[in-house]
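Let me begin by presenting the structure, written as structure tokens, before commenting on it.
Numbering (the numbering used here), first residue to last: 37 to 629.
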């Protein structure tokens, strides 16, 4: 959601990820788009032994995937849209991700405050039948009870989360005393959260790269690069551009997979094929440093219907509170940013549930917005547009047909829709379609395959403490090791070995990073810009912890590994300041060191 399109610096050295594409400019499959669905498909295809390449015009997980509500959820509200298949798949995939990605996906206790018993019973069937929303009518306890019972029913196979509970007013207020005293009930159920969607995306990507190593193909059979865009398509392949150097090069593939989210139509247009599949909606969030609101949530997500019928959430994350989200038709020609009107809306919704808690703009430490990759929806209200996905197939033929390495016209598969929770199942579906095009069979299922640092991740709090104790050493106290385990899962093993293999020094401006860890990121995690570290390799920006000193220190630490001279460092600091200010309303003042 939102691509942070600010031109960066032009002094970047040639990157290994780009060289690997240039030296062998062909693959069986080329994936355009490095959000979670593109990256999930990349991993699945690589595991099948397919020669696959992926390019992303910004950083991985920079668009909609990085602007999510940080939830892995079954989509309880999709029930009233009649999307039972999607709900069932979502619940199954939620339970699966809790098992295969336990380092990032955690159970999340969720409470719905309910203000009436029976309202909404007549309007829900109308929404179900027409997908159009008249005057909002609140969903009452009866409807929510029916919905949660269905939700539990879908969860029963392989479920690892408890069933829902209903509380009357007295018990609900005893558990959450700051709730609006006018509530009649509170329903509590479990979904799941993903605090670091960007790092989970990176883990999925690296699983794919690892699966492609060791074969006979130069550069491996699974190659990926961020900051590479598709410029055009001609009879001899697609033209790609390295966004950091401006250099363009040709690339050929038998199958092109378009997973550019809300930009699917624009990507197809760049390939000379007009499509009108998409009708994205903008969703914004704010992050608050608000101890009173954090305490009022009592460790739970508060998930409810606002007065306009929009489903919204107040979600404690560490020592911050996430509030979201809006759902308005997006103008693709404008930056996706959180507006002042949306902030007013968020303050209003907090007051709806916690009327005695005041929220001020000074308590906002970060904001973000993006465009959901929804199908075109014409008259349907944004909140009722299907969150399901489909795959559109086209073949480039005629005078502008693209010659593939095998001399055939290229097949283009465009993904319309898709959501975080179902990325593994969606990638499986897309991979099966690609395998069919290539005349290949599936060799490996990803259904039970641990993702990245989720392999061998400690299953209990005690197990985590033992892991931390085992890995402590000089310069690695319990807090530092715990931070590495949180950031990388069990892949922290390799990071710790890297830290121990040379001289390391913690940063002055944060205890969470060291110079050598930044060198590890530069070497293994495709850092294109300084801002990638702040927003997507760590959660420093999200938590409002970026200072001028931090910008300068990280730029200095990355300069050696990434070949930045003094002018490049200066430009990277300015670029980070501009991205944070323009897209996230964060002002960081810095005198370049």
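For each residue, glycine too, the CB sits at the ideal point set by N, CA and C.
query	result
Where does the unbroken alpha helix (DSSP H) through residue 586 begin, and where does it stop?	584-598
What residue ranges within the region 231-282 form continuous alpha helix (DSSP H) runs of no fewer than 4 residues, ordered along the chain?	233-247
Taking 8 angstroms as the cut-off, does the region 48-57 touch the region 252-263 (at least 3 CB pairs, one atom from each stretch)?	yes
Could you tell me which residues DSSP puts in a beta bridge with residue 349?	339, 360
For the region 429-504, list the beta strand (DSSP E) runs that are entirely contained and at least 3 residues long, ordered along the chain.	447-453
From residue 533 to residue 517, what does the alpha carbon distance come to, in whole angstroms?	12 angstroms
Which of the three DSSP states, helix, strand or coil, is assigned to residue 201?	strand
Which same chain residues end up closer than 6 angstroms to residue 75 when comparing Cβ atoms and leaving out the 5 residues on each side of it in sequence?	237, 240, 241
Can you tell me the Cα-Cα spacing of residue 543 and residue 230, whole angstroms?	27 angstroms
Kindly indicate which three-state DSSP category residue 303 falls into: helix, strand or coil?	helix
Starting from residue 62, follow its DSSP beta bridges and name the residues at the other end.	288
Rounding to the nearest angstrom, what Cα-Cα distance links residue 142 and residue 87 in this structure?	33 angstroms
Is it buried or exposed, residue 296, if we count other Cβ atoms within 10 angstroms and call 16 or more buried?	buried
How many Å lie between residue 72 and residue 106 at the Cα?	13 angstroms
How close, in whole Å, do the beta carbons of residue 450 and residue 304 come, if the pair is a contact with beta carbons under 8 angstroms?	6 angstroms
Excluding sequence positions up to five away, which residues of its chain have a Cβ less than 7 angstroms from the Cβ of residue 624?	582, 583, 584, 587, 613, 616
So what does DSSP say about residue 216, is it helix, strand or coil?	coil
Ignoring anything shorter than 3 residues or poking outside the region 57-106, list the beta strand (DSSP E) runs there in chain order.	62-68, 88-92
Mind checking which residues open and close the alpha helix (DSSP H) that includes residue 145?	Element bounds for residue 145: not the alpha helix (DSSP H) but the beta strand (DSSP E), 141-150.
Ignore the nearest five residues each way along the sequence and tell me which others in residue 570's own chain have a CB closer than 6 angstroms to its CB.	576, 577, 582
Among 514, 507, 460, 572, which one has its Cα closest to the Cα of residue 133?	460
Can you have a look at residue 200 and say buried or exposed, based on whether 16 or more other CB atoms are within 10 angstroms of its CB?	buried
Once you ignore the five residues that flank residue 514 on each side, which residues in its own chain have a CB closer than 8 angstroms to its CB?	504, 505, 508
With DSSP as the reference, please indicate the residues paired to residue 512 in a beta bridge.	509
Give the range of the alpha helix (DSSP H) segment to which residue 560 is assigned.	551-560
Answer yes or no: do residue 553 and residue 531 have a C-beta to C-beta separation smaller than 8 angstroms?	yes
Going by C-alpha to C-alpha distance, which of 102, 187, 481 sits closest to residue 80?	481
Are the beta-carbon atoms belonging to residue 145 and residue 77 less than 8 angstroms from one another?	no
Taking all protein chains shown into account, do 16 or more other C-beta atoms lie within 10 angstroms of the C-beta of residue 539, making it buried, or fewer, making it exposed?	exposed
What residue does the alpha helix (DSSP H) around residue 126 start on, and which one ends it?	120-136
Would you kindly work out how many angstroms separate the C-alpha atoms of residue 522 and residue 139, rounded to a whole number?	7 angstroms
Need the endpoints of the alpha helix (DSSP H) that residue 332 sits in, please.	327-333
Please look up how many angstroms separate the CB atoms of residue 322 and residue 389, rounded, as I've assumed it's under 8 angstroms.	No, residue 322 and residue 389 are not in contact; Cβ-Cβ is about 15 angstroms, not under 8 angstroms.
So what does DSSP say about residue 320, is it helix, strand or coil?	strand
Excluding five sequence neighbours on each side, which residues of the same chain lie with their C-beta closer than 7 angstroms to the C-beta of residue 464?	80, 482
Can you look up residue 314 in the DSSP assignment and give me helix, strand or coil?	strand
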